[in-house]
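*Asks:*
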Amino acid sequence: MGSASLAVDVGRHNFDAVVLQGSATRPVLVDFWAPWCAPCRALAPILDKLAAEFAGRFTLVKLNTDEEPELASRYGIRGIPNVKVFVDGKVVDEFTGVLPEGAVRQFLARVVPSPAAPRIAEAEVLLARGDPLAALAALDAARTLDPGDTAGLFARAEALLALDRRDEASAVLAELEALARAVHSDAKAEQRLATLKARWALGALASADIDNLAAAVAKVPADCAARLAYADALAAKGDYDRALEEFLAIVVTDRAFQDDVGRKRMLTIFDALGADSDLARRFRRELAAALNR
2 MGSASLAVDV GRHNFDAVVL QGSATRPVLV DFWAPWCAPC RALAPILDKL
52 AAEFAGRFTL VKLNTDEEPE LASRYGIRGI PNVKVFVDGK VVDEFTGVLP
102 EGAVRQFLAR VVPSPAAPRI AEAEVLLARG DPLAALAALD AARTLDPGDT
152 AGLFARAEAL LALDRRDEAS AVLAELEALA RAVHSDAKAE QRLATLKARW
202 ALGALASADI DNLAAAVAKV PADCAARLAY ADALAAKGDY DRALEEFLAI
252 VVTDRAFQDD VGRKRMLTIF DALGADSDLA RRFRRELAAA LNR
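In structure tokens:
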């Protein structure tokens, strides 16, 4: 299928050795195709290009279904091109039909381990332990191995936000947004990006001495401007529980204050907390109750 192809042609004589046994050491991507299939001819150069780019991280294999109907039947081929990925002799993922290059790249990201994966995993553990500086060092090492690894970029943004290195975090978030535009991201990645962007936005809120701001609110509880300054300071330092209490109080006191700023700030914090947050769920209920009074 072209002299520039890096693919290995397989049939009944070598399928077990190349695909089943070979997938014990690295993923094997099998392209089930046929010479008469126009979509197969469209997909082939995309697979060849990515096989060259991934430089040995997976084995690209092509199987002619016209010549090997028994193997095609064994693996349930109903339409071509059909691409299956084998790991340890088993199919772990697949797609049928022609996908654009970005979608194929996203598919490969799920099934082909990045050389940076161990360092990124180390960084995630360090982030969970509250050591973003050490996490960033691990991510620097990961970036030399795979600069475009999306998981590494997400972890880098997390570490930079934790270190309050806002300009650097902004650059990483912009890089992630550009990737999301180029490749159709899944819902989980889109949510994580929204969460990080919300955290960045909250960190930009004006911050001052929290004790003095709290005292100002205690002195005049109905002063929404004082309460907003206090809530913003809480949000900027990541104290989302108390910040939500204060923003909710603004909604209850004066829903129209500064163009509904209390509710809008709460929505930003909900994004920062993520869809699975119990805190966000609780305050969503309280906000709904306040709005329906």
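Residues in the sequence shown are numbered consecutively from 2, following the working numbering. All C-beta atoms in this analysis are idealised placements derived from N, C-alpha and C, irrespective of residue type, glycine included. As the structure is a computational prediction, the values presented were derived from the model and not from experiment.
(1) Can you tell me which of the three DSSP states Asp147 falls into?
(2) Can you name, in chain order, every residue of its own chain whose Cβ lies under 7 Å from the Cβ of Pro40, other than the five neighbours on each side?
(3) Could you have a look at Ala31 and say whether DSSP puts it in helix, strand or coil?
(4) Leaving out five residues on either side along the sequence, give the residues of the same chain with a beta carbon under 6 Å from the beta carbon of Phe87.
(5) Which residues bound the alpha helix (DSSP H) around Glu191?
(6) What does the Cβ neighbour count give for Ala152, buried or exposed, with the cut at 16 atoms within 10 Å?
(7) Can at least three beta-carbon pairs, one atom from the segment 142-161 and one from the segment 109-124, be found at a separation below 8 Å?
(8) Classify Leu162 as buried or exposed, calling it buried when 16 or more other Cβ atoms lie within 10 Å of its own Cβ.
(9) Could you name each continuous alpha helix (DSSP H) segment of 4 residues or more that falls completely within the segment 31-119, going from the start of the chain to the end?
(10) Once you ignore the five residues that flank Lys85 on each side, which residues in its own chain have a CB closer than 6 Å to its CB?
(11) DSSP has Asp10 in a bridge; who is on the other side?
(12) Under the rule that 16 or more other beta-carbon atoms within 10 Å means buried, what is Ser115, buried or exposed?
(13) From Arg144 to Ala236, what does the alpha carbon distance come to, in whole angstroms?
(14) Which residues in the same chain as Leu288 place their Cβ atom closer than 8 Å to its Cβ, once the five residues preceding and following it in sequence are excluded?
(15) Where do the ends of the alpha helix (DSSP H) carrying Asp242 lie?
(16) In terms of alpha-carbon separation, which member of Cys225, Lys189, Val218, Leu229 lies closest to Leu203?
(17) Rounded C-beta distance between Asp255 and Cys225? I'm assuming under 8 Å.
(18) Is it buried or exposed for Glu159, if we count other Cβ within 10 angstroms and need 16 for buried?
(19) Between which two residues does the alpha helix (DSSP H) holding Asp238 run?
(20) Roughly how many angstroms separate the alpha carbons of Ile211 and Ala234, rounded to a whole number?
(21) Less than 8 Å separating the Cβ of Asp10 from some heavy atom of the ligand HEM?
(22) Could you tell me how far apart the beta carbons of Ala139 and Ala124 are, in whole angstroms, since I believe they sit closer than 8 Å?
(23) Can you tell me whether Phe258 is helix, strand or coil according to DSSP?
(24) Can Glu68 and Phe16 be called in contact, C-beta distance under 9 Å?
(25) Leaving out five residues before and five after Gly275 in sequence, what residues of the same chain have Cβ atoms less than 6 Å from its Cβ?
(26) Looking at the structure shown, is Ser24 part of a helix, part of a strand, or coil, going by DSSP?
*Replies:* Quick answer:
(1) For the purposes of this step, residue 147 is taken as the residue at position 146 of the sequence shown. Residue state, collapsed to three classes: coil.
(2) Position 39 of the sequence shown, counting from 1, holds the residue named residue 40. Closer than 7 Å at Cβ, skipping near neighbours: Pro82, Gly98, Val99.
(3) Here residue 31 refers to the residue found at position 30 of the sequence shown. Reading the sequence as shown, one finds Val at residue 31 and not Ala. If DSSP states are grouped into helix, strand and coil, Val31 belongs with the strands.
(4) Position 86 of the sequence shown holds residue 87. These residues qualify, in order along the chain: Val20, Ser24, Val29.
(5) Position 190 of the sequence shown, counted from the start, is the residue given in the question as residue 191. Glu191 -> alpha helix (DSSP H) spans 188-204.
(6) By one-based count along the sequence shown, residue 152 stands at place 151. With 16 or more neighbouring CB atoms inside 10 Å of its own CB, Ala152 falls in the buried class.
(7) The segment 142-161 is in contact with the segment 109-124.
(8) The count along the sequence shown starts at 1 and reaches residue 162 at position 161. Buried, since its Cβ has 16 or more Cβ neighbours within 10 Å.
(9) Here the runs fully enclosed are 39-55, 70-75, 102-112.
(10) In the sequence shown, residue 85 corresponds to position 84, counting from 1. These residues qualify, in order along the chain: Val31, Val92, Glu95.
(11) Walking along the sequence shown from the start, residue 10 turns up at place 9. Assignment of beta-bridge partners to Asp10 by DSSP yields Lys63.
(12) In the sequence shown, the residue the question calls residue 115 occupies position 114. With 16 or more other Cβ atoms within 10 Å, it is buried.
(13) The sequence position of residue 144 within the sequence shown is 143, counting from 1. The sequence position of residue 236 within the sequence shown is 235, counting from 1. One C-alpha to the other measures close to 31 Å.
(14) Here residue 288 corresponds to residue number 287 of the sequence shown, with the count starting at 1. Contacts found: Leu249, Val252, Arg264, Met267.
(15) Taking the first residue of the sequence shown as 1, we reach residue 242 at position 241. Segment 241-254, the alpha helix (DSSP H) holding Asp242.
(16) Start at 1 with the first residue of the sequence shown, and residue 203 comes out as number 202. Minimum Cα distance to Leu203 is reached at Leu229.
(17) The sequence position of residue 255 within the sequence shown is 254, counting from 1. The sequence position of residue 225 within the sequence shown is 224, counting from 1. About 5 Å separates the Cβ atoms of Asp255 and Cys225, confirming a contact at the 8 Å cut-off.
(18) What you label residue 159 is simply residue 158 of the sequence shown in a count that begins at 1. Glu159 is buried by the Cβ-count criterion.
(19) Taking the first residue of the sequence shown as position 1, residue 238 is located at position 237. The residue asked about is misnamed: residue 238 is Lys in this sequence, not Asp. Lys238 -> no alpha helix (DSSP H), and no H or E assigned at all.
(20) Within the sequence shown, residue 211 is the residue found at index 210, counting from 1. Within the sequence shown, residue 234 is the residue found at index 233, counting from 1. The alpha-carbon atoms of Ile211 and Ala234 are separated by roughly 7 Å.
(21) Looking for the ligand HEM in the displayed structure turns up nothing, as the structure carries no ligands at all.
(22) Here residue 139 is taken as the residue at index 138 of the sequence shown, counted from 1. Here residue 124 is taken as the residue at index 123 of the sequence shown, counted from 1. Contact flag correct, Cβ pair sits at about 4 Å.
(23) By 1-based counting over the sequence shown, the position of residue 258 is 257. If DSSP states are grouped into helix, strand and coil, Phe258 belongs with coil.
(24) Locating residue 68 in the sequence shown gives position 67, counting from the first residue. Locating residue 16 in the sequence shown gives position 15, counting from the first residue. It is not a contact, given that the beta carbons lie outside the stated cut-off.
(25) Residue mapping note: residue 275 aligns to position 274 of the sequence shown, counting from 1. Thr196, listed in sequence order.
(26) In the sequence shown, the residue the question calls residue 24 occupies position 23. Three-state result, Ser24: helix.
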